[in-house]
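Structure record follows, encoded as structure tokens.
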Amino acid sequence: MIFSTFVFLRASEAGEKASLLDVNGGLAFWTAVTFIVLLIVLAKFAWKPIIGALDSREQGIKDALEAAKKAKEEADQLIAHTEKVRQENEEAARKQIEESRKFIEEQKLKMSHDLKEEFDKKRKDFEAELDNREREMIDRVIKEVADVTIAAAEKVVKSSLDHEKNKVLVNKFIEEIRNN
Amino acid sequence: MYTDSTKAIADSLTTPHGQGASQGSDWILHHIMDGNYLDFSPIGKIYLPEIEVMGFNISITRHVVFLWLAAILLAFLLIKTARRYKKTNIPNRFTGAIEVLIYFVKDEIAKPSIGGGYEKFVPYLLTAFFFILFANFLGLVPFSATVTSNISVTATLAIATFSVTQWGGMRKNGVFGYFKGLIPHGIPVFLLPIMIVVEILGLFTKPFALAMRLFANMTAGHIVIYALIGLIFTMNTIAVAPVSVGMALAIYMLEILVAMLQAYIFTMLSAVFIGMAVHQDH
């Protein structure tokens, strides 16, 4: 490049007439010098740091994207895992609820059954007792009536009839009542 | 009538400012071409020193000044950007804009055009892209000069691409392998002499095309703008001014597009040439 500017310098010595297409050696020389200096200065102080920064930023963005992708994958995995655990838990809970319900149902059934049984038993007992009492009462009343009747009859027919005969009669009479 | 009006234009062309100082459209060329002064007319001109070393004239000219201005501006802004990137990876409004261009050159130009091992060439392509971009835009600022509309500058830049291309090709394939790889595989032996000439010519036409394309594109727009403005003086009436200025403005807008486009095309083609030299098999 420098060499060629010297060629231009030589050439420009020859021609004197000014024309648009004339090559000016001095200007070519200054252009070469300026351009080479500019190239060296810019390469060292501008292009190297700027391209370095751009590349590092590119790398940074690439890394960040990679990291984001990885994080997303992890998050997805976590979500899937959580979902699985949740489903398992739900299943377990449902089972438990089902069991509880069944248990409660059974319990209810059993309880009502027991209660009914007890109630029935109580009622039966009560009825039985009531029957007993009634019978006792009737018996007592009959006895009383019999005694009173006997006593009255004794007083009425004291002498004519003996006590044993009357008793048989009365018993016969009671029997008749009871059968009615 | 027709001859009269053309004669009038021709007459006024020879005396564009009514001063009769310059010949023909020389005043346009004066604005576009290099000079030994900074033109701030009508305020004035700053004359620049002439330097001669070992018989070589390396004077500081107008284009050298703006060349340096572009380089200094570029270095300042990009080193500032780099400072910020050393502190933090997060772009702000300014570094974000620079970053877009860097990514564009790196991932849209260098990577697909060069392919494997493109990283080595990214600093060169970035420097070329930003330098041409800044020089092109600096040329659109009033009172400045468009460095890239000077064939010396574009030729030097093209030679830089040429050098990088040859260096890259030889480094990858070896000096002998590189020159051998220039000839396509499987061509008949009797065609070899022609192919060798064609391929070696091809080596030099590529940077030549690069230099001419950038130079012509950057020059043409300016010439059109000056010509449109010159129309006011040529026709010698203020009535044409709205049309001239309006059209010049439109061309100026186009120039903004061209400034970006040419920086892109130069970088793109440089990358393609480097890619062809590095991966010769396809």
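Sequences listed follow chains A and B, in order.
Under my numbering, the very last position in the first sequence is 187; numbers go up by exactly one each time.
Under my numbering, the very last position in the second sequence is 1212; numbers go up by exactly one each time.
Virtual Cβ for every residue (Gly too), placed ideally from N, Cα, C.
**Message:** If contact is defined by three or more beta carbon pairs under 8 Å, each pair taking one atom from either stretch, is the segment 31–40 of chain A in contact with the segment 1082–1091 of chain B?
**Reply:** yes
**Request:** For Val-177 (chain A), collect the residues of the same chain with a Cβ closer than 7 Å to its Cβ; drop the 5 residues on either side in sequence, then sort them by chain order.
**Result:** On the first sequence, residue 177 (chain A) is found 170 positions in, with the first residue counted as 1. Ala-153, Thr-156, Ile-157, listed in sequence order.
**Message:** At the level of alpha carbons, what is the spacing between His-961 (chain B) and Leu-45 (chain A)?
**Reply:** Taking the second sequence and counting its residues from 1, one reaches residue 961 (chain B) at position 31. Taking the first sequence and counting its residues from 1, one reaches residue 45 (chain A) at position 38. The straight-line gap from Cα to Cα measures roughly 27 Å.
**Asked** If you drop the 5 nearest sequence neighbours on each side, which residues of the same chain put their C-beta closer than 6 Å to that of Phe-1067 (chain B)?
**Response** As a position in the second sequence, residue 1067 (chain B) is number 137, starting the count at 1. The residues are Ala-1189.
**Request:** Tell me whether Val-983 (chain B) sits in a helix, a strand or coil according to DSSP, three-state version.
**Result:** In the second sequence, residue 983 (chain B) corresponds to position 53, counting from 1. Looking at Val-983 (chain B) - three-state DSSP - the assignment turns out to be strand.
**Prompt:** In terms of residue numbering, what span does the alpha helix (DSSP H) encompassing Tyr-1108 (chain B) cover?
**Reply:** For the purposes of this step, residue 1108 (chain B) is taken as the residue at position 178 of the second sequence. For Tyr-1108 (chain B), the uninterrupted alpha helix (DSSP H) run begins and ends at 1105–1112, by DSSP.
**Proximity winner among B:Pro-972, B:Ile-990, B:Glu-1029, relative to Glu-980 (chain B) (alpha-carbon distances)** = Residue 980 (chain B) sits at position 50 when you count from the first residue of the second sequence. It is B:Ile-990.
**7 Å Cβ cut-off: residues of chain A touching His-993 (chain B)** = One-based indexing of the second sequence puts residue 993 (chain B) at position 63. Within 7 Å Cβ-Cβ: Leu-34.
**Request:** Consider the Cβ of Leu-72 (chain A): report whether some Cβ of chain B lies at a distance smaller than 8 Å.
**Result:** Walking along the first sequence from the start, residue 72 (chain A) turns up at place 65. So no, Leu-72 (chain A) is outside the interface.
**Residue of B:Tyr-967, B:Ile-1044, B:Ala-1178, B:Val-1035 minimising C-alpha distance to Ile-903 (chain B)** = Residue 903 (chain B) cannot be examined here, being either before or after the span of chain B that is shown, 931 to 1212.
**Asked** How many angstroms separate the CA atom of Lys-1036 (chain B) from the CA atom of Pro-972 (chain B)?
**Response** Position 106 of the second sequence, counted from the first residue, corresponds to residue 1036 (chain B). Position 42 of the second sequence, counted from the first residue, corresponds to residue 972 (chain B). Straight-line Cα distance between these residues: approximately 44 Å.
**Request:** State yes or no: is the beta carbon of Lys-1110 (chain B) nearer than 8 Å to at least one beta carbon in chain A?
**Result:** Here residue 1110 (chain B) is taken as the residue at index 180 of the second sequence, counted from 1. By this cut-off, Lys-1110 (chain B) is not an interface position.
**Asked** Given Leu-1121 (chain B), which residues of its chain have a CB within under 8 Å of its CB, disregarding the five upstream and five downstream residues?
**Response** For this step, residue 1121 (chain B) is matched to residue 191 along the second sequence. Leaving aside the five residues that flank Leu-1121 (chain B) on each side, none in its chain has a CB nearer than 8 Å to its CB.
**Request:** Let me know if Val-964 (chain B) comes out buried or exposed under the rule of 16 or more other beta-carbons within 10 Å of its beta-carbon.
**Result:** Locating residue 964 (chain B) in the second sequence gives position 34, where the first residue counts as 1. It is worth fixing the name first, because residue 964 (chain B) is Asp in this sequence and not Val. For Asp-964 (chain B), the number of other beta carbons within 10 angstroms of its own is at least 16, and it is reported as buried.
**Message:** Contact defined as beta carbons within less than 8 Å: I believe Met-1148 (chain B) pairs with Thr-1086 (chain B). What is the distance between those atoms, to the nearest angstrom?
**Reply:** The residue you call residue 1148 (chain B) lines up with position 218 of the second sequence. The residue you call residue 1086 (chain B) lines up with position 156 of the second sequence. Actually they are not in contact, since the Cβ atoms of Met-1148 (chain B) and Thr-1086 (chain B) sit about 14 Å apart, beyond 8 Å.
**Message:** If contact is defined by three or more beta carbon pairs under 8 Å, each pair taking one atom from either stretch, is the segment 1024–1036 of chain B in contact with the segment 36–52 of chain A?
**Reply:** no
**Item:** Option nearest His-1209 (chain B) by Cα separation, candidates B:Leu-959, B:Thr-1011, B:Phe-1109
**Value:** Numbered from its first residue, the second sequence carries residue 1209 (chain B) at position 279. The residue among B:Leu-959, B:Thr-1011, B:Phe-1109 with its C-alpha nearest the C-alpha of His-1209 (chain B) is B:Phe-1109.
**Asked** Tell me the DSSP bridge mates of Tyr-977 (chain B)?
**Response** Your numbering for residue 977 (chain B) matches position 47 in the second sequence. According to DSSP, Tyr-977 (chain B) bridges with B:Tyr-967.
**Request:** Check whether the Cβ of Asn-96 (chain A) lies closer than 8 Å to any Cβ atom in chain B.
**Result:** Taking the first sequence and counting its residues from 1, one reaches residue 96 (chain A) at position 89. Asn-96 (chain A) does not count as touching chain B.
**Own chain partners of Thr-1025 (chain B) with C-beta closer than 6 Å, once the 5 adjacent residues on each side are dropped** = Taking the first residue of the second sequence as 1, we reach residue 1025 (chain B) at position 95. If we look at Thr-1025 (chain B) and ignore the five residues flanking it on each side, its Cβ neighbours are Thr-1011, Arg-1014.
**Prompt:** With DSSP run on the structure shown, which of helix, strand or coil describes Lys-937 (chain B)?
**Reply:** For the purposes of this step, residue 937 (chain B) is taken as the residue at position 7 of the second sequence. Residue confidence is low: Lys-937 (chain B) scores 49 on pLDDT, short of 50, so the model does not pin down where it sits. Its coordinate-derived value is still stated next. Of the three classes helix, strand and coil, the one that applies to Lys-937 (chain B) here is helix, per DSSP.
**Asked** What span of residues does the alpha helix (DSSP H) with Ile-1130 (chain B) cover, start to end?
**Response** The residue labelled residue 1130 (chain B) in the question sits at position 200 within the second sequence. First-last of the alpha helix (DSSP H) with Ile-1130 (chain B): 1122–1165.
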